[in-house]
Amino acid sequence: GRWDSVRLDDVDFRSIYIAEGLGHAFIALTEGATVSYLVSDVYNPVRERGIDPLDLTIGLVFPIEAGLPLLSEKDVEAPSLEEAAASNLLPELHLVSEFYNSLSQRGA
């Protein structure tokens, strides 16, 4: 796989779209930072997955000025990428596609 990063701030006012089934992570660089999500459906914790953001297999590089990341309890307890794959916790493309297609059919 691969990853990319985008700085979201109150200067350039960028936003990003993350397609269904893709992973994401964020790191707040200021004390008062707020992250807002617009999602495709009502929050459903059963559909949510997590992977240790510090897993070396993924290789995320965090900004030096952020210092050591302070992880949520969920992130601390998240499996590595290898563990998630072995436990069949990673999203399957055909299931993601089916869910995504069901969203457009609901609005019809």
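Per the working numbering, the sequence shown starts with residue -11, numbered consecutively.
Cβ coordinates follow ideal geometry from the N, Cα and C atoms, glycine included.
Just checking: is the beta-carbon of residue i within a distance shorter than 7 Å of some beta-carbon in chain C?
i	result
Ala72	Any reference to chain C falls outside this structure, which holds one protein chain only.
Would you give the residue range spanned by the alpha helix (DSSP H) that residue i belongs to?
i	result
Arg110	Given that the chain is displayed from residue -11 to residue 96, the structure contains no residue 110 and the question cannot be resolved.
Ala13	No alpha helix (DSSP H) holds Ala13; DSSP gives it neither H nor E.
Leu69	Leu69 to Ala74
Could you tell me if residue i is buried or exposed, where buried requires 16 or more neighbouring beta carbons within 10 angstroms of its beta carbon?
i	result
Ile4	exposed
Ala74	exposed
Ile6	exposed
Leu83	exposed
Ile39	buried
Please report the distance separating the alpha-carbon of residue i from that of residue j.
i	j	result
Phe1	Arg(-5)	9 Å
Gly(-11)	Phe14	18 Å
Lys62	Glu36	11 Å
Trp(-9)	Ile46	8 Å
Val104	Ala54	In the structure as shown, the chain begins at -11 and stops at 96. Residue 104 is therefore absent and cannot be evaluated.
Pro41	Asn89	29 Å
Return the Cβ separation of residue i and residue j in integer angstroms, given the expectation that the two are a contact with Cβ distance under 8 Å.
i	j	result
Ser24	Leu91	Not quite, the Cβ-Cβ distance comes to about 20 Å (not below 8 Å), so this is no contact.
Quiz item: Where in the region 16 to 61 do unbroken runs of the beta strand (DSSP E), each at least 3 residues long, occur, reported from the N-terminal end onward?
Solution: Segments of the beta strand (DSSP E) lying fully in the region 16 to 61: there are none.
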